[in-house]
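Novice: Residue numbers (my numbering): 62 to 349.
Note that CB positions come from ideal geometry on N, CA and C, so glycine has one too.
Here it is, the structure, as structure tokens.
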């Protein structure tokens, strides 16, 4: 790591790789972190063609790159590529942050779940401990946040998915770190008669302008809704929460910035203040 205050030196290189990648807010977020903390870094977005991820990673680090973020569709491939996994990445089966301690030894971390939990607990003063939590979706996004959610000790966590078997399998994969009565998986029809204090949408429904088929009475009085997707306007699930009496209904922009802050901290050893950066990105979204 170079002298963080020596801006005459060539800045350390970081990047995010994905496909598509032009929409990524990560360069703006990390540039804001760097300005705030006085770190001399350059952070770019790199579009990688399918089949070219491993070579792109090798080329990046061989040319002096210091760290990478990884987004869709390469998180699972990144998990297979690294030599060492952080505990949260081992469980998630996906990596969104790459570090290296030598030219040939890559370390993979997953900061998504940490970002989600930090946004709920610290930015919004919410609570997960002792709460009845519903996680909607059983794909990579859900898997990536499950361990950090369980670590907060909810009273109960239910995974619901359009294909029930995938939710059951995901719950089974994490059964050894949760009490048998705590973690369950199933389909949406199984939710009839259930009530939850916190509903987290980890499905891609909002990207398609849809909401998950949830019972209208599933949210506890004053319960919270959290959509891991985000946009310039409230997402369909954020609107659903407000229409169904949510005390708080949030999108995932804070999670995006918080997971980036955790990556930045892993790379630079400095933790940025996320609040002004969340505000900056929100303003940019509304202006686009």
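Use the C-beta contact count for residue 301: other C-beta atoms within 10 angstroms, 16 or more gives buried, fewer gives exposed.
Specialist: For this step, residue 301 is matched to residue 240 along the chain shown. Buried, because 16 or more other Cβ atoms sit within 10 Å of the Cβ of residue 301.
Novice: So residue 91 is in the alpha helix (DSSP H); what residue range does that whole segment cover?
Specialist: Along the chain shown, one-based indexing puts residue 91 at 30. Its alpha helix (DSSP H) spans residues 87 to 98.
Novice: Could you give the DSSP three-state label for residue 316: helix, strand or coil?
Specialist: The count along the chain shown starts at 1 and reaches residue 316 at position 255. DSSP places residue 316 in helix when its eight states are reduced to three.
Novice: Does residue 310 pass the burial test, meaning 16 or more other C-beta atoms within 10 Å, or should it be called exposed?
Specialist: For the purposes of this step, residue 310 is identified with residue 249 of the chain shown, where counting begins at 1. Buried, by the Cβ-count rule.
Novice: Answer yes or no: do residue 128 and residue 177 have a C-beta to C-beta separation smaller than 7 Å?
Specialist: Here residue 128 is taken as the residue at index 67 of the chain shown, counted from 1. Here residue 177 is taken as the residue at index 116 of the chain shown, counted from 1. Result no, Cβ atoms of residue 128 and residue 177 do not sit closer than 7 Å.
Novice: Please list, in chain order, all residues of the same chain as residue 261 whose beta carbon is under 6 Å from its beta carbon, the five residues on each side excluded.
Specialist: Looking up residue 261 in the chain shown gives position 200. Excluding residues within five positions, the ones whose Cβ falls inside 6 Å are 196, 287.
Novice: What do you reckon, is the C-beta of residue 295 under 6 Å from a heavy atom of the ligand COA?
Specialist: The ligand COA is absent from the structure shown, which contains no ligand whatsoever.
Novice: Mapping DSSP to helix, strand and coil, what is residue 283?
Specialist: Counting from one through the chain shown, the residue named residue 283 turns up at place 222. DSSP places residue 283 in strand when its eight states are reduced to three.
Novice: Can you round the beta-carbon distance between residue 80 and residue 109 to whole angstroms, since I take them to be within the 8 Å contact cut?
Specialist: As a working note, residue 80 is residue 19 in the chain shown. As a working note, residue 109 is residue 48 in the chain shown. About 6 Å separates the two Cβ atoms, so the contact holds.
Novice: Rounded to whole angstroms, what is the Cα-Cα separation between residue 193 and residue 216?
Specialist: Translated into positions along the chain shown, residue 193 becomes position 132. Translated into positions along the chain shown, residue 216 becomes position 155. Their Cα atoms are separated by approximately 6 Å.
Novice: Apart from the five residues on each side of it in sequence, which residues of its chain come closer than 7 Å, Cβ to Cβ, to residue 202?
Specialist: Within the chain shown, numbered from 1, the residue matching residue 202 stands at position 141. Around residue 202: 263, 289.
Novice: What do you get for residue 120, buried or exposed, if any count of 16 or more other CB atoms within 10 angstroms of its CB means buried?
Specialist: For the purposes of this step, residue 120 is taken as residue 59 along the chain shown, with counting starting at 1. Exposed, since its Cβ has fewer than 16 Cβ neighbours within 10 Å.
Novice: Should residue 73 go down as buried or exposed, given a rule of 16 or more other Cβ atoms within 10 Å for buried?
Specialist: To locate residue 73, count along the chain shown from 1; it is residue 12. The residue in question, residue 73, is buried, as its Cβ has 16 or more Cβ neighbours within 10 Å.
Novice: Is the region 153 to 172 close to the region 220 to 233, with three or more CB pairs under 8 Å?
Specialist: Short answer: they don't touch.
Novice: Spatial neighbours of residue 227 within its chain, please: CB distance less than 7 Å, with the 5 preceding and 5 following residues excluded, ordered by chain position.
Specialist: Taking the chain shown and counting its residues from 1, one reaches residue 227 at position 166. So the list reads 199, once near-sequence residues are dropped.
Novice: Can we say the region 86 to 98 touches the region 333 to 344, given the rule of at least three CB pairs closer than 8 Å?
Specialist: Cβ pair count under 8 Å is three or more, so yes.
Novice: How many whole angstroms separate the CB atoms of residue 189 and residue 181, which I take to be in contact at a CB cut-off of 8 Å?
Specialist: Here residue 189 corresponds to residue number 128 of the chain shown, with the count starting at 1. Here residue 181 corresponds to residue number 120 of the chain shown, with the count starting at 1. Confirmed, Cβ separation roughly 6 Å.
Novice: Measuring only the C-alpha atoms, how far is residue 346 from residue 291?
Specialist: To locate residue 346, count along the chain shown from 1; it is residue 285. To locate residue 291, count along the chain shown from 1; it is residue 230. Using only the alpha carbons, I get a separation of about 10 Å.
Novice: Contact check, residue 298 vs residue 267 under 8 Å by CB: the rounded distance?
Specialist: Taking the chain shown and counting its residues from 1, one reaches residue 298 at position 237. Taking the chain shown and counting its residues from 1, one reaches residue 267 at position 206. Yes, residue 298 and residue 267 are in contact; Cβ-Cβ is about 5 Å, under 8 Å.
Novice: Can you say whether residue 152 is buried or exposed, counting buried as having 16 or more other CB atoms within 10 angstroms of its CB?
Specialist: Taking the chain shown and counting its residues from 1, the one referred to as residue 152 is at position 91. With 16 or more Cβ atoms within 10 Å of its Cβ, residue 152 is classed as buried.
Novice: Which residue's Cα is closest to the Cα of residue 125: 75, 89, 116, 156?
Specialist: In the chain shown, counting from the first residue as 1, residue 125 sits at position 64. Among 75, 89, 116, 156, the Cα nearest to that of residue 125 belongs to 75.
Novice: Excluding sequence positions up to five away, which residues of its chain have a Cβ less than 7 Å from the Cβ of residue 154?
Specialist: As a working note, residue 154 is residue 93 in the chain shown. Answer for residue 154: 137, 140, 204, listed in chain order.
Novice: Measuring only the C-alpha atoms, how far is residue 308 from residue 184?
Specialist: Position 247 of the chain shown holds residue 308. Position 123 of the chain shown holds residue 184. Looking at the two C-alpha atoms, the distance is approximately 15 Å.
Novice: How close, in whole Å, do the beta carbons of residue 191 and residue 221 come, if the pair is a contact with beta carbons under 8 Å?
Specialist: As a position in the chain shown, residue 191 is number 130, starting the count at 1. As a position in the chain shown, residue 221 is number 160, starting the count at 1. Between residue 221 and residue 191 the Cβ distance is about 20 Å, and since that is not below 8 Å, they are no contact.
Novice: Return no unless some Cβ of chain D is closer than 7 Å to the Cβ of residue 332.
Specialist: The structure shown contains no chain D, having only a single protein chain.
Novice: Give the list of continuous beta strand (DSSP E) stretches no shorter than 3 residues that lie fully inside the region 145 to 178.
Specialist: As far as the region 145 to 178 is concerned, its whole beta strand (DSSP E) runs of at least 3 residues are 158 to 163, 166 to 170.
Novice: As a quick exercise: from 149, 130, 143, pick the residue whose alpha carbon is nearest that of residue 158.
Specialist: Within the chain shown, the letter at position 97 stands for residue 158. Looking at the Cα atoms, 130 is the closest of the given residues.
Novice: Could you tell me the alpha carbon to alpha carbon distance between residue 329 and residue 148, rounded to whole angstroms?
Specialist: For the purposes of this step, residue 329 is identified with residue 268 of the chain shown, where counting begins at 1. For the purposes of this step, residue 148 is identified with residue 87 of the chain shown, where counting begins at 1. About 20 Å.
Novice: Judging by CA-CA distance, which residue of 89, 77, 317 is the nearest neighbour of residue 206?
Specialist: Here residue 206 is taken as the residue at index 145 of the chain shown, counted from 1. Among 89, 77, 317, the Cα nearest to that of residue 206 is on 317.
Novice: What does DSSP give as the partner residues of residue 352 in its beta bridges?
Specialist: Here the chain comprises residues numbered 62 to 349, so residue 352 is not present and cannot be evaluated.
Novice: Taking the alpha carbon of residue 71 as the point to measure from, which residue in 123, 333, 103 has its own alpha carbon closest?
Specialist: By 1-based counting over the chain shown, the position of residue 71 is 10. Nearest C-alpha to residue 71: 103.
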